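Participant: To convert a position in the sequence shown, counted from 1, into the working numbering, add 703. There's a structure below that I have some questions on.
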Amino acid sequence: MRNWSIRISVLLAAVAILLLVAACSFQPPAASLTGGAVNNLGDPLTQTAVYPFDAVVVTGSGVASGAPDFAQLSLAVAVTDDSVAEARETAAEAMTDVRAALKRQRLLNSDIGTSHFRIHPEYEYGPDGREQVGYTVRNGLTVRVRDTDKVAAVVDAAVAAGGDHLVFNNIGFSFSDPSELEKEAREAAVKDMQEKAAQLAEFSGRDLGELKVVSEGVFNETNLPDGAFLLRAEAADFDTPISTGEGAITVSISGVYELK
């Protein structure tokens, strides 16, 4: 009988310990801070925030356009010859001529910079497999032109100097100082955001409260990938027709408003 009493005591103690552990690890679900239908939505500004008030999250956009005043060119000379030495020498001569031609266009030394220099073997493929036929030396330049009216003349000068060795990769236009356009686009974006927030509150039967959080994103539509550029105007009468067209800066403003 004594043994049974000990066993029952041990069993009750074990059950008590298990109940205590379960009670300590149990966490009740967090109570909603407000009863609003918009509460507990993820905030697109941080993706994690939960606000201690009913909230509406909106994004406004504003666009300002203008003529770019800054151009960047990417070009190179590429020479293939039987040996590295011969290819390098011819490429060096061609690049020297190209740089001199660019200097005659009154470009600043700081606006002409080497972007890459590569040497690699060239192969031909035939019935007997791959056969090396020479080497290619490629010397690249990034050229900034601060007067867009001179872009066509700069392109023609580089082509004339580099001849058959010149490779023209791409061209892009931008703004040297986008601050005024950004300001204009930002003002339009905030107005758009405020109007959307007021409409959402009205349509939801609520009153719009204070703006609690605001965030901005800027997209410069003149800096497009792969060297593309906007062309929205007819080309001017140059030997090589080139036009800056019109570029645009878009500002996106996201805000979190309190709903009352």
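C-beta atoms are modelled at their ideal positions from N, C-alpha and C, and glycine is treated no differently. Please read these numbers as outputs of a predicted model, since none were measured by experiment.
Output yes or no for whether 7 Å exceeds the beta carbon distance between Val870 and Ile822.
Facilitator: Taking C-beta atoms as the reference points, Val870 and Ile822 fail to come closer than 7 Å.
Participant: Return the chain-ordered list of same chain residues with a C-beta closer than 7 Å to the C-beta of Asp785, the five sequence neighbours on each side being excluded.
Facilitator: Gly837
Participant: CB Val782 to CB Thr793, shorter than 7 Å?
Facilitator: yes
Participant: Taking just the CA atoms, how far does Arg841 sit from Glu789?
Facilitator: 13 Å
Participant: Could you check which residue in Asp772, Tyr754 and Val766 has the C-alpha nearest to that of Ser946?
Facilitator: Asp772
Participant: Does the distance from the CB of Lys915 to the CB of Val959 come in under 7 Å?
Facilitator: yes
Participant: In angstroms with no decimal places, state the Cα-to-Cα distance between Lys963 and Tyr754.
Facilitator: 13 Å
Participant: Cα-Cα, which of Thr817, Gly763 and Ala804 is closest to Glu890?
Facilitator: For the residues Thr817, Gly763 and Ala804, the minimum Cα distance to Glu890 belongs to Gly763.
Participant: Indicate the three-state DSSP secondary structure (helix, strand or coil) for Phe729 in the structure shown.
Facilitator: Note that Phe729 scores a pLDDT of 40, beneath 50, so its modelled location is shaky; the value from the coordinates is reported in the next line. In this structure, Phe729 counts as coil in the three-state DSSP scheme.
Participant: In the DSSP output, what is Arg833 paired with across the bridge?
Facilitator: In DSSP, Arg833 forms a bridge with Tyr828.
Participant: Look up Arg841 in the DSSP assignment and give the residues it is bridged to.
Facilitator: Ala781 and Arg821
Participant: Mind checking who Phe876 pairs with in its DSSP beta bridge?
Facilitator: Ala774
Participant: Within 10 angstroms of its Cβ, does Ala892 collect 16 or more other Cβ (buried), or is it exposed?
Facilitator: buried
Participant: Would you kindly report the start and end of the unbroken beta strand (DSSP E) that includes Leu810?
Facilitator: Unbroken run through Leu810: none, as it is neither H nor E.
Participant: Which residue's Cα is closest to the Cα of Lys894: Tyr826, Ala774, Tyr828 and Ile956?
Facilitator: Ile956
Participant: Got a sec, what are the start and stop residues for the beta strand (DSSP E) Glu961 sits in?
Facilitator: Unbroken beta strand (DSSP E) run through Glu961: Gly950 to Leu962.
Participant: For Gln775, which residues from the same chain have a beta carbon less than 6 Å from its beta carbon, with the 5 sequence-adjacent residues on both sides left out?
Facilitator: Arg847 and Gly875
Participant: By how many angstroms is the C-alpha of Asp814 removed from the C-alpha of Val801?
Facilitator: 14 Å
Participant: Would you kindly work out how many angstroms separate the C-alpha atoms of Cys727 and Val921, rounded to a whole number?
Facilitator: Its pLDDT being 46, under 50, Cys727 is placed unreliably by the model, and nothing is read from it.
Participant: For Ala804 and Thr851, I'd like the C-alpha separation in whole angstroms.
Facilitator: 17 Å
Participant: Would you mind sorting Ala758 into buried or exposed? The rule is 16 or more other CB atoms within 10 Å of its CB.
Facilitator: With 16 or more other Cβ atoms inside 10 Å of its own Cβ, Ala758 counts as buried.
Participant: For Ala951 and Val766, which I take to be in contact (beta-carbon distance under 8 Å), what is that distance rounded to the nearest angstrom?
Facilitator: 5 Å
Participant: On the criterion of 16 or more Cβ atoms from any shown chain inside 10 Å, does Ser877 qualify as buried, or is it exposed?
Facilitator: buried
Participant: Do His652 and Gly843 have their C-beta atoms within less than 7 Å of each other?
Facilitator: As displayed, the chain neither begins before 704 nor continues past 963, which places residue 652 out of reach and without an answer.
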